[in-house]
Structure formats: structure tokens, C-alpha cells
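Residue numbers (this note's numbering): 2 to 791.
Put into C-alpha cells, the structure is as follows:
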């Protein structure tokens with residue numbers, strides 16, 4: 002029996018081997034060798050050739066097999082074999098495809114800009130830009146401005162998507178993820194100023210990061226690590242793994258980031274008397290340090306049931322087991338004549354624990370007429386906890402203040418949507434869909450004052466808040482192209498039902514509203530060198546869940562952050578017309594009207610000497626301007642992008658029956674050159690400089706800003722490895738001054754961010770490095786309004 006079993010096992014341990022070469026007899030590395038059982042199309046086993054062109058597939062049984070050997074740019078080798086022992090195919094020679102040879106032998110290409118009526122497409126594949134982080138690429142993308150407050154297109158916050166699916170993270174987490182994630186798989190960046198109706202109505206402007214799609218079956222992986230030296234060192238490391246065959250795609254990405262971020266700030270508040278004259282001057286020196294360790298994991302799985310049906314699973318998880326936030330404040334108090342009165346110090350130590358997990362299940366069916374129907378369901382669970390200790394040392398022990406707060410936020414998001422796409426003919430298409438979303442948030446905060454060493458509950462600053470939101474949406478979209486015209490028109494309707502309840506204050510806020518959101522884009526090619534375009538879109542910006550709860554978060558006893566349960570959504574109307582001419586130039590004029598723009602304002606109480614940061618709806622805001630753009634990429638070795646923008650922002654609000662109206666003309670200048678060296682273009686240098694003059698943001702005047710960065714990358718180890726070096730804030734001009742001066746409000750601050758640093762990185766690819774990834778994130782606009790506690 003042992004002999005028979007051994008013989009049987011040995012008899013089934015057959016193999017197929019061989020060597021793959023090109024027409025010149027040179028070995029082909031990473032050619033794909035796939036076998037399937039005869040008369041069956043399903044993938045059975047496969048491998049890739051090594052650096053000498055050899056391959057071997059083992060553990061095969063006696064059977065008839067269909068062998069396919071392929072490599073991009075070459076004719077495919079096909080053969081049916083009957084395997085009854087170890088088979089050596091000797092040398093297999095693949096013939097080149099002349100019509101595709103030029104395309105596949107390109108080593109590097111120039112970044113290019115494609116303008117469409119509703120978007121700008123910035124192609125960065127195979128350029129020096131992809132050796133940056135994803136955030137670094139966005140900094141170099143025309144039209145995108147990244148500030149401390151987030152990612153903006155023009156002067157408005159933008160939604161970030163990856164492969165047309167929204168990134169499932171909060172705004173703070175998004176910045177952290179994009180900074181830590183390498184950009185080596187980015188194909189292009191789409192800056193969509195007029196998203197079609199298929200996008201959520203909350204998508205005023207969209208930044209869509211397009212990742213390369215896979216072309217060949219097999220496996221590939223990469224590891225990367227970065228060291229950044231700012232005020233303190235920062236570390237990032239991660240790995241990506243991707244496998245594809247005829248039935249499945251699997252993509253797993255993991256990133257770890259450990260960092261300590263410094264921030265210095267000088268604040269001044271002029272507390273005023275009844276005649277709005279200076280009564281006291283409070284000058285504060287503030288130092289903030291943020292210590293954190295974060296783990297990011299992203300999983301994408303596609304299962305091709307058959308030629309017409311695909312099932313996909315996407316999951317993104319973020320876990321922050323260690324987050325320490327330290328604030329040290331020293332405040333000096335003077336009278337109006339600058340004579341010293343007193344001072345105090347305040348130390349704030351917060352420890353956070355947070356996880357954020359979102360999962361999507363997507364089913365797509367393709368019809369015979371090229372139409373498709375997609376169903377997707379999404380679920381998010383978000384848990385955030387902050388434990389805060391505050392000690393304020395006043396002159397004289399009897400005035401000292403010490404307290405602890407514990408704040409929690411637990412959020413569940415469920416969405417379900419159906420999308421139908423019908424290509425009517427080669428020049429037109431129709432889309433329609435419906436969506437339902439539910440958001441449920443439970444938040445609570447408890448404050449304990451430390452009095453004579455005892456913890457005493459502070460009832461006035463203890464609360465619990467429940468928030469429930471239901472949104473029903475439907476849309477339709479139609480696109481059509483003629484010889485010289487392009488048209489895209491759509492309409493989206495959304496019914497929103499909201500209830501927010503403060504359990505402690507016994508207050509309930511209900512909002513129910515039905516809104517229509519049209520969108521229109523049109524372009525006309527006047528001549529070969531001149532085209533004109535225009536678009537219009539109406540969108541909505543709903544308040545974040547944290548801003549809606551009425552909690553008070555304490556920086557110290559005199560600086561607090563307040564929620565506002567009475568916030569209402571912002572409605573935005575956007576108009577733009579443009580002309581492209583002389584191949585390299587574009588001129589655009591735009592106008593944006595905000596009805597109830599949500600901004601966080603510093604409001605000082607001149608009686609209690611308390612400065613409260615409060616989210617508020619402005620009564621009106623307008624933003625209009627003109628852009629001159631220049632895009633010149635004469636070769637793959639050199640390129641230049643330049644832009645000049647002149648714009649005006651007007652903001653208006655009413656406080657205690659008094660109206661504030663401020664306006665400011667501003668200019669923005671951008672210059673972004675890139676150049677490649679060496680015969681194989683393996684040494685790349687990219688730089689980006691932009692200067693913004695004095696501008697208006699949230700009723701605050703922000704002084705001149707100068708952003709600058711330069712990055713250098715070099716391919717090594719036969720293009721499997723890349724080393725990179727980048728320097729941010731070359732001229733140390735990215736720190737900013739901002740001031741408030743209206744009615745009975747007078748304050749200013751200078752913020753010194755930890756944004757001047759040197760970053761050294763290394764990336765190494767292994768496996769079938771000719772593969773590209775299909776990494777993506779999920780499309781859930783409700784998640785974007787998640788916001789960490791202050």
C-alpha cells in the first residue's frame with residue numbers, strides 16, 4: 002500500500018518548463034505562462050519567467066493542457082499538449098508587435114494636461130512626480146491648493162476620490178493617508194470642477210486620483226520606507242501586494258506611520274470696552290506637539306463570476322492606538338498702555354484612541370448591449386475617544402483651575418445605491434441611479450473639575466448628543482458628442498431628514514428639505530487651435546456631525562471650541578466660462594455664490610475674556626475671478642506649468658443685529674518646472690512654487706503665503722528600486738499671519754507649522770513589475786463629514 006501511494010503521488014508530480022526569448026534571442030523577464038485544462042477557459046495554474054527567461058510549473062497531473070505564453074508588445078504563444086511526464090518546451094520565441102512596440106518601449110513620458118468642459122486631467126504616469134507621496138503629487142497638480150485646513154480647488158474644499166470612489170476617511174485622516182502613501186501607481190489626477198449628477202450633491206469640486214489598471218495576470222509587490230526630518234523625525238513604511246488571474250484580483254496595502262509634529266503659535270487678543278476701545282491685551286505663546294502611531298490597511302478583492310458578472314469587496318481600516326496631544330500655553334495680560342497686569346500658564350494633555358473601518362460590497366452586471374447595472378452597499382463604523390487633562394496656573398494658588406474631560410463619538414453609516422449606465426451609441430450615453438443613506442451618531446462628553454484633590458462633576462459642561470440623518474437621492478445624466486460640440490447635462494434630487502437631540506439640555510433640532518441639483522457642461526471646438534467651454538453646477542455642503550453637537554471642548558479656561566446644533570447646509574452655485582488657444586494657453590472666468598457657507602469663527606467675549614471658536618453659517622459669500630494658464634511640455638525631458646489668478650472674495654455675516662461685510666482682491670502665481678536627465682531619463686527633478694497675496698478666509702485676513710518644494714528621484718537596480726529626496730518650504734515662508742478686525746472683534750495670530758523638512762525615501766518592486774494596480778477606495782460622501790473631536 003505504501004509503495005502504491007508513493008508511486009501514485011510521484012506519477013502526479015509532473016512539470017512544464019522552458020525558456021522565453023525575443024526575436025534577437027534575448028531572454029524575456031516577467032513573461033506570463035498560463036495553463037488551463039483543454040477545452041476549458043478557466044485559469045488553472047500560471048507563473049512568470051525569471052530574469053533569464055526560464056519558467057517552471059510543477060505539481061501537475063497527467064492530462065491535456067492548453068498553454069499560453071504572453072508578454073506585452075509581443076504575439077501570444079499558444080499550444081495544446083498532452084502531459085504524461087515532465088515536459089521541457091525548450092526555447093519559445095515571441096515575435097514583436099510592430100504597431101505597439103513604440104508604446105511599450107517608452108521609458109519615461111512627459112506630464113500632460115488635458116482640458117475638458119468639466120475637468121482638467123493631469124497625466125503624471127512615468128514622471129518624477131510619482132516618486133513623491135500622493136499628497137506631494139496633489140501639491141504639484143494645477144488648480145489644487147493644500148493648506149492647513151485641507152485640500153482645496155480654487156478657494157473651496159474639494160472631495161477626494163480614488164478611481165471614482167470617495168476615500169473613506171475623515172479630513173485629518175485623509176491628509177495623513179495621502180502623505181504616507183507612495184504615488185508610484187498614479188496614472189493621472191482629475192480636477193473635476195463640475196462633477197456630473199452621478200456624483201453626490203455634496204461634491205462641489207472633486208479630485209479624482211486615477212490609479213493604473215492591471216494589464217497582465219500574475220503577482221507583484223513592493224516595499225517602501227521614508228524618513229522625514231522636520232523639527233522632529235517622522236517615519237513611514239509600508240508594503241503593497243497584488244495578484245490577478247482570470248478569476249480574481251486581490252490588492253492589499255498596509256502603511257505604518259510614526260511621527261511627532263510640532264506647531265508654535267503666537268496669539269494676541271485685544272479685549273475691548275463698550276466703546277470698542279482696547280481694554281486689555283492678552284498675548285499668548287503656544288506650543289503644540291502631536292505624537293501618533295497609525296496603521297492603515299486597504300483590501301480590494303474582485304471575483305469575476307463570468308464574463309458579465311463581477312462581485313467586489315473593498316475595505317479600508319485605520320487604527321490609531323497611540324495619539325498624544327500636548328499643548329503648553331503662556332499668556333501675559335497688559336492694559337491698553339502695554340503695562341503688565343498678570344499672567345497665567347495652561348497645560349493641556351489629551352490622549353486619543355480611534356478606529357475607522359469601512360466596507361463595501363459591489364455587484365456589477367454587464368448587458369449584451371454594453372449597458373451595465375451596479376449595486377453597492379456600504380457600512381462604516383467609527384469610534385473615537387479623547388481623554389483630556391487641563392491645568393491652568395493663575396497668579397495665586399486660589400485661582401488655579403484643573404479639570405478632566407472624556408469625550409466619545411461613535412458613528413455608523415449605511416448606504417445603498419444602484420447605478421445604470423447605457424451607451425446609446427458611439428457618441429452618447431445615459432446614466433441613472435438611486436441612493437439611500439443613513440447616518441447615526443452617538444456622542445457624549447463629561448467634565449470633572451478637580452477641587453481640593455476631589456473630582457466634582459461639572460453639570461454645565463456635561464452632555465450627550467444623538468444625531469440621525471436619512472437621505473434619499475435619485476439622478477439622471479446624459480452626454481452627447483458631435484463633430485465640434487460636447488454636451489453633458491444632468492439632474493440630481495435629494496430628500497434629507499435630520500434629527501439631532503441633546504439629551505442633557507433636552508433640545509431637539511429637526512431639519513427636512515428637498516433639493517434639486519442641476520449640472521451642465523458644454524464645449525465647442527471653434528478651430529484647431531481655439532476651443533471654448535462653459536459649465537454650471539449647484540451643490541450642497543452639509544455640516545460635519547461633530548460641529549452639530551453642542552459640546553464645549555476646552556483648550557483652556559479662556560479658549561474653547563463650541564458646537565452649533567443650529568447649523569444648516571451650504572448651497573453653492575458655480576459658473577465658469579473658458580477659452581483654450583495657441584495650444585499652450587487657457588483663460589477662464591468663474592463665479593461662485595455660497596448661500597450659508599459654514600466657517601469656524603473665533604468669537605471673543607469682551608466681558609468674560611473668553612475666545613470661542615464656533616462653526617457658523619455666513620449669510621452670504623461670493624468668489625469670482627480670472628485665471629491665465631500656461632502648459633508647455635515640449636519633450637519628455639522638460640516641462641513647465643504656470644498660472645496667474647486674480648480673484649475677489651466677499652463674505653457677509655450678521656452678529657447681534659449688526660452686519661459685517663468684508664471683501665478682498667487677491668492674486669495667486671504658480672510656477673512648476675520639471676526636468677529629466679541621463680540617457681534613460683532615470684534622474685528626475687520636479688519643483689513647485691506658488692505665491693498667494695493677502696486673502697480673505699472665514700472673515701479673517703491671511704497675509705502673503707509662499708509655498709515651495711523640490712524633489713529628486715533616481716531609478717536603480719534595473720528600475721526595480723527608486724531612491725528619492727525632497728525638500729519642503731525652501732524659503733521658510735509657508736508660515737502665516739492672520740487677523741480678525743470687525744465690530745467688537747480684534748485678534749491676530751502667527752502660526753509656525755512644522756512644514757519645513759527634508760524627506761528621504763526608498764522603494765523596491767518585486768514580482769511581475771510590469772503589472773499595474775487597481776487600488777481604489779469607496780464612494781461614500783457621508784464619511785467625509787466625520788470629524789475628530791477638537
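Note that beta-carbon positions come from the ideal geometry of N, C-alpha and C, so glycine has one too. Given the structure is predicted, the values throughout are model-derived calculations rather than measurements.
Does the Cβ of residue i have 16 or more other Cβ atoms within 10 Å, making it buried, or fewer, making it exposed?
i: residue 691; result: buried
i: residue 703; result: buried
i: residue 497; result: buried
i: residue 21; result: buried
i: residue 160; result: buried
i: residue 106; result: With a pLDDT of 32 at residue 106, under the threshold of 50, the predicted position of this residue should be treated as unreliable, and no value is reported.
i: residue 624; result: buried
i: residue 527; result: exposed
i: residue 225; result: buried
i: residue 662; result: exposed
i: residue 19; result: buried
i: residue 62; result: exposed
i: residue 511; result: exposed
i: residue 461; result: exposed
i: residue 408; result: buried
i: residue 589; result: buried
i: residue 322; result: exposed
At the level of alpha carbons, what is the spacing between residue i and residue j?
i: residue 377; j: residue 211; result: 20 Å
i: residue 697; j: residue 598; result: 14 Å
i: residue 540; j: residue 196; result: 10 Å
i: residue 293; j: residue 256; result: 14 Å
i: residue 369; j: residue 423; result: 11 Å
i: residue 735; j: residue 752; result: 9 Å
i: residue 36; j: residue 93; result: 15 Å
i: residue 28; j: residue 306; result: 35 Å
i: residue 17; j: residue 59; result: 7 Å
i: residue 145; j: residue 364; result: 33 Å
i: residue 103; j: residue 681; result: Its pLDDT being 35, under 50, residue 103 is placed unreliably in this model, and the coordinates cannot settle the point.
i: residue 33; j: residue 246; result: 11 Å
i: residue 525; j: residue 617; result: 41 Å
i: residue 733; j: residue 757; result: 7 Å
i: residue 14; j: residue 70; result: 22 Å
i: residue 502; j: residue 47; result: 59 Å
i: residue 486; j: residue 432; result: 20 Å
i: residue 649; j: residue 490; result: 29 Å
i: residue 91; j: residue 763; result: 38 Å
i: residue 741; j: residue 273; result: 13 Å
i: residue 252; j: residue 536; result: 37 Å
i: residue 772; j: residue 219; result: No answer about residue 772 holds up, because its pLDDT of 42 lies below 50 and its placement is not dependable.
i: residue 388; j: residue 352; result: 5 Å
i: residue 750; j: residue 284; result: 9 Å
Report the residue from the options whose alpha carbon sits nearest the alpha carbon of residue i.
i: residue 600; options: 620, 419 and 460; result: 620
i: residue 569; options: 556, 581, 237 and 595; result: 595
i: residue 818; options: 644, 382 and 559; result: One cannot answer for residue 818 here, as it falls past the ends of the chain, which runs 2 to 791.
i: residue 509; options: 24, 16, 608 and 465; result: 465
i: residue 530; options: 523, 517, 585 and 548; result: 585
i: residue 350; options: 324, 65, 700 and 81; result: 324
i: residue 329; options: 304, 291 and 297; result: 291
i: residue 622; options: 592, 631 and 604; result: 592
i: residue 452; options: 286, 402, 477 and 269; result: 402
i: residue 551; options: 447, 538, 475 and 755; result: 447
According to DSSP, what are the bridge partners of residue i?
i: residue 608; result: Paired residues: none, contrary to the question.
i: residue 352; result: 325 and 388
i: residue 805; result: Since the first residue shown for the chain is 2 and the last is 791, residue 805 is missing from the structure and cannot be characterised.
i: residue 92; result: 20
i: residue 496; result: 473 and 515
i: residue 483; result: Beta-bridge pairing links residue 483 to no other residue.
Does the beta carbon of residue i fall short of 7 Å from some heavy atom of the ligand HEM?
i: residue 313; result: The ligand HEM is not among the ligands present in this structure, which contains no ligands whatsoever.
Q: Indicate whether the contact test is met: 3 or more Cβ pairs, each with one atom in the stretch 623-640 and one in the stretch 713-732, closer than 8 Å.
A: Counting C-beta pairs with one atom in each stretch, the stretch 623-640 and the stretch 713-732 have fewer than three that are closer than 8 Å, which means they do not touch.
Q) Would you say the stretch 352-363 touches the stretch 306-325, given that touching needs at least three Cβ pairs under 8 Å? A) The stretch 352-363 vs the stretch 306-325: in contact.
Q. Would the stretch 559-573 and the stretch 710-718 be scored as touching if the rule is three or more Cβ pairs under 8 Å?
A. no
Q) Three or more C-beta pairs closer than 8 Å, one from the stretch 435-452 and one from the stretch 404-422: is that the case here? A) The stretch 435-452 is in contact with the stretch 404-422.
Q.
Tell me whether the stretch 232-240 and the stretch 601-613 touch, counting them as touching only if at least three CB pairs, one residue from each stretch, are closer than 8 Å.
A. no
Q. Just checking, does the stretch 671-681 make contact with the stretch 651-661 on the three C-beta pairs under 8 Å criterion?
A. no
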